[in-house]
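Comments concern the structure below.
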Amino acid sequence: MYTFDYQRPTSAAAAAAALQGDARYPAGGQSPVQAMKLRLSASERLVDLGGVAELKGICMEGSNVVVGAMTTHAAVAASADVRKAIPALAELAGGIGDPMVRNMGTIGGSIANADPAACYPAGVLGLGATIKTNQRSIAADDFFTGLYERRR
Ligand SMILES: Cc1cc2nc3c(=O)[nH]c(=O)nc-3n(C[C@H](O)[C@H](O)[C@H](O)COP(=O)(O)OP(=O)(O)OC[C@H]3O[C@@H](n4cnc5c(N)ncnc54)[C@H](O)[C@@H]3O)c2cc1C
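Next comes the structure, spelled out in structure tokens:
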């Protein structure tokens, strides 16, 4: 593993401000940390989103289900709101990987990673979801632009 700086902000605004150079945002950390350990990628700085409480959780806004980026797959699978409003989404989340993956992995990490083989990208496309970044709202149809490529 190469050396890197590590930051753990406690607000989304501080996390956005810390994104400079080739910094990356580990969420559950399942993709970037493994790649870094194998020296397949290097980042000068990791901005750990694990301390940003405002990005965690699920709520209803009218008939819309709003899922925070740092909400784990396990939390989506167990959510009473999700199970009632979009049972297929709870089913999808509950089928990702194994219990460790579901307890570490996040919906935001999966969508930001834009792996076309992953479950959430197909799920948000099928549901016609809206992806909210710190800058704007983007329809899922317009969000993914290619293999591991997406808008911000
Ligand atoms: C053994 C194993 C089995 C798996 N099985 C499945 C499966 O069956 N189905 C499936 O869909 N997935 C599967 N996965 C992937 C898993 O769902 C991961 O949780 C998913 O890739 C997201 O990971 P993460 O939350 O750890 O994000 P990370 O890996 O930490 O981040 C992924 C990328 O997104 C960026 N990022 C993360 N959060 C944000 C954010 N809020 N804003 C901007 N950028 C962000 C990071 O910088 C990084 O580049 C599996 C993974 C493992 C290790």
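Counting from 71, one number per residue, gives the positions in the sequence shown under my numbering. Glycine is no exception: its CB is placed at the ideal position from the N, C-alpha and C atoms.
Within the same chain, show all residues whose beta-carbon is closer than 6 Å to that of residue i, passing over the 5 residues directly before and after it, in chain order.
i: G179; result: A97, G98
i: G175; result: G98, Q100, H143
Where does residue i fall in DSSP's three states?
i: V117; result: strand
i: M130; result: strand
i: F213; result: helix
i: Q104; result: helix
i: Y95; result: coil
i: S81; result: coil
i: I181; result: helix
i: R153; result: helix
i: V226; result: Because the chain here runs from 71 to 222, residue 226 falls outside it and cannot be looked at.
Measuring only the C-alpha atoms, how far is residue i from residue j?
i: L159; j: T142; result: 13 Å
i: E131; j: I166; result: 26 Å
With 16 as the cutoff for other CB atoms within 10 Å, does residue i come out buried or exposed?
i: R109; result: exposed
i: Y218; result: exposed
i: S149; result: buried
i: S87; result: Note on identity: in this sequence residue 87 is Ala, with Ser being the wrong assignment. With fewer than 16 other Cβ atoms within 10 Å, it is exposed.
Short of 8 Å in beta carbon distance, which residues of its chain neighbour residue i, apart from the five on each side in sequence? Order them along the chain.
i: S113; result: F74, D92, A93, R94, P102, M106
i: R153; result: A160
Please list, in chain order, all residues of the same chain as residue i whose beta carbon is under 7 Å from its beta carbon, the five residues on each side excluded.
i: V137; result: I128, V146, I177
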